[in-house]
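Remarks on the structure that follows.
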Amino acid sequence: MVLQNIFILQYMKKLFTLSFAMLAIFLSLSSCSKVKREIIVKQVAAAKSHLPQKVGAAIEIVDVNIKGDMVEYVVKMSEDMWRISGVTNKTANSDRYIANVLSTIDDFTISNYIGSDMGIKYTYYSDETSKKLFEIEISPSRLKEIHKKMKNGEIEEASILETIQQEIVQIKSNLPAPLGEDLWMTDIYVKGNRIYYVVKIDDEKGASEFTKVDIGLIREGCLKGLRGEQSVVSQKKKFIEEKIHFVYIYNDGEGKEICRVDIGPDELAKL
6 MVLQNIFILQ YMKKLFTLSF AMLAIFLSLS SCSKVKREII VKQVAAAKSH
56 LPQKVGAAIE IVDVNIKGDM VEYVVKMSED MWRISGVTNK TANSDRYIAN
106 VLSTIDDFTI SNYIGSDMGI KYTYYSDETS KKLFEIEISP SRLKEIHKKM
156 KNGEIEEASI LETIQQEIVQ IKSNLPAPLG EDLWMTDIYV KGNRIYYVVK
206 IDDEKGASEF TKVDIGLIRE GCLKGLRGEQ SVVSQKKKFI EEKIHFVYIY
256 NDGEGKEICR VDIGPDELAK L
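The numbering of the sequence shown is the numbering used here, which starts it at 6 and goes up by one.
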């Protein structure tokens, strides 16, 4: 139930680690401004041998190739996740979004790309219908341009809360959305430093029939869900620094509140 775009951005770092861990050795030994194509081809071929690879429950890297001056990744993802995220070709290729993508990659790797005059492309397909969902295309010249702007402070990485606030409108347009059996996300909004998720339990049981034990299990389920979210655990320092709270409001089938679970910095620190 964590904002899916954060997850999408976070997994990019895994793509680079997977494909270029060995390539970095060759790059660091080369004094040429343009690394030989044969070296990159060899390392991408090595990366392909590890695919397909799951990155979380809803995203899978299925292929990687070099086409011209671009390293192109093919990714499959859940259409439900895509709809909730609200990502489109337009938003995914904005300067700010690409800056957020590049911010997940270490400077050494970025400098290797710039030195090799290479770009990156991600193409996302539905894991259910194989329909193309969206693309992120960062040409060599655009990578250099945006990286330079980031270094000069012309483009700053959006805070997690800011990223969420920017995308709330798009996410709302795709709600209600299924979260699991008898569970629906019906609303999401930000108030202050709190991210509110409103969830409906589509069950015959009314709000007054939920016991303290039931509510305890709901709370534990929320904590377990956050522990399983790689994007939250790996970036929990940022969540804590921004003093962000995750608030889950559970309603019954009639819209009456069953409980609300507020998970703040203290509990995030223990994840």
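Glycine included, C-beta positions come from ideal geometry on N, C-alpha and C.
Fair warning: this is a prediction, and the values are worked out from it, not measured in the lab.
Residue i lies in the alpha helix (DSSP H); which residues open and close that run?
i    : result
A104 : D100 to L107
G230 : K217 to R232
Going along the chain, which residues of its own chain have a beta-carbon closer than 8 Å to the beta-carbon of residue i, five neighbours each way excluded?
i    : result
A274 : K241 and I245
Taking DSSP as the reference, what is the three-state secondary structure of residue i?
i    : result
I249 : coil
E159 : coil
T114 : helix
E272 : helix
M86  : helix
P145 : helix
F2   : In the structure as shown, the chain begins at 6 and stops at 276. Residue 2 is therefore absent and cannot be evaluated.
T128 : strand
D68  : strand
E209 : coil
N94  : helix
K1   : With the chain covering 6 to 276 only, the question about residue 1 has no answer from this structure.
K261 : coil
V76  : strand
V237 : helix
Report whether the distance from the Cβ of residue i to the nearest heavy atom of the ligand FMN is below 6 Å.
i    : result
Y118 : With respect to the ligand FMN, the structure shown offers nothing to examine, as it has no ligands at all.
Since I believe residue j is in contact with residue i (beta carbons under 8 Å), could you give me their beta-carbon distance rounded to a whole number of angstroms?
i    : j    : result
K248 : N179 : In fact, because the Cβ distance is near 28 Å, the residues do not count as touching under 8 Å.
I268 : L231 : 6 Å
Y102 : T96  : 6 Å
When you compare the CB of residue i with every CB in chain D, is at least one pair closer than 7 Å?
i    : result
F215 : This model lacks chain D altogether; it includes just one protein chain.
Hey, could you find the ends of the beta strand (DSSP E) residue i is sitting in?
i    : result
K196 : L188 to K196
L184 : A182 to G185
Are the beta-carbon atoms belonging to residue i and residue j less than 7 Å from one another?
i    : j    : result
V203 : I254 : yes
V67  : A52  : no
F139 : Y130 : no
D271 : A212 : no
D100 : I151 : yes
Going along the chain, which residues of its own chain have a beta-carbon closer than 7 Å to the beta-carbon of residue i, five neighbours each way excluded?
i   : result
E98 : The question names Glu, but residue 98 is Asn in the sequence shown. Once the five neighbours on either side are set aside, the close Cβ partners of N98 are I141 and E142.
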